[in-house]
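Participant: Residues in the sequence shown are numbered from 0 upward in steps of one, following numbering that gives the first Met the number 0.
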Amino acid sequence: MAQDPEPFFTQLQPGELGRRFCVWHAPAGWTVPLGLVVHVHAFAEEMNKSRRMVALQARTLSAEGYAVLQTDLLGCGDSAGDFADATWGAWLQDVVAACALAQTRFTQLWPGAPAPALWLWGQRAGALLAAQAVHSLGEQWNLLLWQPSTSGKSVLQQFLRLDTVGSLMGKGGERSPAKAELGAGRCANIAGYAITPALAQGLEAARLEAPVVAAHCARLEWIELGAHPSGAANAAVQPVLQSWADAGWAVRHRSAVGPGFWLTTEIQEAPALLRATLEALRPNVPENTVPGSTASQTAATA
């Protein structure tokens, strides 16, 4: 049985905007964790739509012996600041600081215990942040990615389409299009979120690119959801996975059947994703495996 989650606030960064809301999930029975998992949430409304699934996964991992830390980034959720205060660089600093906080908690709670497997769990645009954060982390962090976005430019374009749709429906009033506002160096309001040029530029430049790892190969576990079971990654994803394998990562792709809960109008669950994630974190994964190999798997049960 999972431990009760521990919500708390912490001064993750200096200054009046440095306070962050976190949730700590200790492993069942407070045993030494099998792994230490730090969640990097999705962008804007996708974060809110995903809250239930992320909480369910964190509790499932806790029940199976993992320690999990969730953190609301600057201007998101219950953390300090507004969305307009956020920049891509500030979010990246939050991810790195959250990893340090999780490791500090581990050493305080289990002094002398062997270092656990370290995992950055990124969802959607959060995968872009997680991949960039690995560059700044000294330890051997693995990546667990849920339906990762491979291009920040695409994420921004999709977000800007919300403004276009709103204008077509007469919700924009007399204001200028969001793209024009950002181009002029001004903050733009899109679907209730105030996005600054600094955040837009950082997001647009982000790519899911592999950092070179040390001789001890780090793992990339890539999980996608779909309406039908499929053991292989699609044609657009395969080159990305291959580039990570070429950089020395042990790459494995999985697919699970379930709804795209980060986009649905009603809050939905994807139980198969919970199970696929547990399977993905198991140790002893073959190194440098890519889609089409034995490490490309399907979790078809809904």
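The C-beta atom is built at its ideal place from N, Cα and C for all residues, glycine as well. Owing to the predicted nature of the structure, the values given are computational and were not obtained by experimental measurement.
Going by DSSP, what residue range makes up the alpha helix (DSSP H) through residue 95?
Facilitator: The count along the sequence shown starts at 1 and reaches residue 95 at position 96. Residue 95 -> alpha helix (DSSP H) spans 87-108.
Participant: If you follow the alpha helix (DSSP H) that residue 203 is in, where does it begin and where does it stop?
Facilitator: To locate residue 203, count along the sequence shown from 1; it is residue 204. Residues 196-204.
Participant: I need the DSSP call for residue 47, collapsed to helix, strand or coil.
Facilitator: The residue labelled residue 47 in the question sits at position 48 within the sequence shown. Correct three-state label for residue 47: helix.
Participant: If you draw a straight line from the alpha carbon of residue 95 to that of residue 135, how long is it in whole angstroms?
Facilitator: Here residue 95 corresponds to residue number 96 of the sequence shown, with the count starting at 1. Here residue 135 corresponds to residue number 136 of the sequence shown, with the count starting at 1. Roughly 7 Å separates the two Cα atoms.
Participant: Do you know offhand how far residue 224's Cα is from residue 146's?
Facilitator: Here residue 224 refers to the residue found at position 225 when the sequence shown is read from its first residue. Here residue 146 refers to the residue found at position 147 when the sequence shown is read from its first residue. About 7 Å.
Participant: What did DSSP end up calling residue 53 once you bin it into helix, strand or coil?
Facilitator: For the purposes of this step, residue 53 is identified with residue 54 of the sequence shown, where counting begins at 1. Three-state result, residue 53: helix.
Participant: Do you know how far the Cα of residue 22 is from the Cα of residue 5?
Facilitator: Taking the first residue of the sequence shown as 1, we reach residue 5 at position 6. Taking the first residue of the sequence shown as 1, we reach residue 22 at position 23. Spanning the two alpha carbons is a distance of roughly 5 Å.
Participant: To the nearest angstrom, how far is it from the Cα of residue 57 to the Cα of residue 78?
Facilitator: Against the sequence shown, residue 57 aligns to sequence position 58. Against the sequence shown, residue 78 aligns to sequence position 79. Between residue 57 and residue 78, the C-alpha separation is close to 19 Å.
Participant: Under 8 Å between C-beta atoms, does residue 177 make it to chain C?
Facilitator: The displayed structure is made up of one protein chain only, and chain C is not part of it.
Participant: Express the C-alpha separation of residue 228 and residue 185 in angstroms, rounding to a whole number.
Facilitator: Taking the first residue of the sequence shown as 1, we reach residue 185 at position 186. Taking the first residue of the sequence shown as 1, we reach residue 228 at position 229. Looking at the two C-alpha atoms, the distance is approximately 44 Å.
Participant: Tell me which residue opens and which closes the beta strand (DSSP E) that residue 35 is part of.
Facilitator: On the sequence shown, residue 35 is found 36 positions in, with the first residue counted as 1. First-last of the beta strand (DSSP E) with residue 35: 34-39.
Participant: What are the partner residues of residue 122, as DSSP defines its beta bridges?
Facilitator: Locating residue 122 in the sequence shown gives position 123, where the first residue counts as 1. 145, per the DSSP bridge assignment.
Participant: Would you list the residues sitting across from residue 258 in a DSSP beta bridge?
Facilitator: Locating residue 258 in the sequence shown gives position 259, counting from the first residue. Bridge partners of residue 258: none, in fact.
Participant: Do you know how far the Cα of residue 45 is from the Cα of residue 1?
Facilitator: Residue 1 sits at position 2 when you count from the first residue of the sequence shown. Residue 45 sits at position 46 when you count from the first residue of the sequence shown. Cα to Cα, the separation comes out at about 26 Å.
Participant: Who are the Cβ neighbours of residue 43 in its own chain at under 6 Å, not counting the five residues just before and after it?
Facilitator: Residue mapping note: residue 43 aligns to position 44 of the sequence shown, counting from 1. The residues are 192.
Participant: When DSSP labels each residue in this structure, what does residue 30 get in the three-state scheme?
Facilitator: Position 31 of the sequence shown, counted from the start, is the residue given in the question as residue 30. Note: residue 30 maps to coil in three-state DSSP.
Participant: Let me know the secondary structure DSSP gives residue 263 once reduced to three states.
Facilitator: On the sequence shown, position 264 is the one that residue 263 refers to. Coil.
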